[in-house]
Amino acid sequence: MIDESAVTLRLWGRRARRFVRWFATRDRQDRKAMWHLDRLGEALAAQGWRTYRRFYVSPATLCVGPTKHAPAIEELSATHFGRWVYLTRSNPRPIPCADLDQAVTEVERILRGQLHEPSPRKARRHERQR
730 MIDESAVTLR
740 LWGRRARRFV
750 RWFATRDRQD
760 RKAMWHLDRL
770 GEALAAQGWR
780 TYRRFYVSPA
790 TLCVGPTKHA
800 PAIEELSATH
810 FGRWVYLTRS
820 NPRPIPCADL
830 DQAVTEVERI
840 LRGQLHEPSP
850 RKARRHERQR
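The numbering of the sequence shown is my numbering, which starts it at 730 and goes up by one.
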């Protein structure tokens, strides 16, 4: 019979080594960006939004949407331009990271705008069907 505690210890040892190796390869800027995105993701999840962290890619991104398969999904990244800001794909204006409440409100405004405005791709499809 295998001693389960030894197996568990070995698995956790592997995970710990893998995490340390991964953590060591990231520089401080990446870790700060992930921290800011994680903080925003927790705040948006508390408001009922579905969040998906993509920290294995560079730059690290946070995907936010109302449901899993929604047409409105916003992808955010955090970067440092003299101060920490969130960048979105659909909005050219950076959102400051310092004011979390304002950042949550701005992301919600962007997502609600995407949900309620008609998609140009769908409009073209409806024109073809006429």
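Glycine included, every Cβ here is placed at the ideal spot set by N, Cα and C.
Since we're looking at a predicted model, the values are computed, not measured.
Less than 8 angstroms between the CB atoms is what I'm expecting for residue i and residue j, so what's the real figure, rounded?
i: R782; j: L766; result: 7 angstroms
i: Y815; j: A832; result: 6 angstroms
i: A789; j: M763; result: 5 angstroms
i: E837; j: T817; result: Contact flag wrong, Cβ pair sits at about 12 angstroms.
What number of angstroms, rounded off, separates the C-alpha of residue i from the C-alpha of residue j?
i: P825; j: R757; result: 19 angstroms
i: F748; j: R755; result: 11 angstroms
i: R779; j: P821; result: 23 angstroms
i: Q843; j: D759; result: 29 angstroms
i: D830; j: L773; result: 10 angstroms
Quick check on this structure: which residue in the options has the alpha carbon closest to the alpha carbon of residue i?
i: G811; options: P823, E803, L805; result: P823
i: T796; options: G777, L740, P788, V836; result: G777
i: W751; options: S787, L773, S734; result: S787
i: V793; options: R739, K761, I839, D830; result: I839
Could you tell me whether any non-hydrogen atom of the ligand SAH is closer than 8 angstroms to the CB of residue i?
i: Y815; result: Because no ligand of any kind appears in the structure shown, any question about the ligand SAH cannot be addressed here.
- request: For the segment 798 to 812 and the segment 825 to 842, state whether three or more C-beta atom pairs, one from each stretch, are separated by less than 8 angstroms.
  value: With three or more CB-CB distances shorter than 8 angstroms, the segment 798 to 812 counts as touching the segment 825 to 842.
task: May I have a chain-ordered list of the beta strand (DSSP E) segments no shorter than 3 residues that lie completely inside the segment 798 to 850?
output: Taken in chain order, the whole beta strand (DSSP E) runs of length 3 or more contained in the segment 798 to 850 are 803 to 809, 813 to 817.
- prompt: What runs of the beta strand (DSSP E), each 3 residues or longer, lie entirely inside the segment 746 to 788?
  reply: Taking only runs of at least 3 residues, the beta strand (DSSP E) segments lying wholly in the segment 746 to 788 are 779 to 783.
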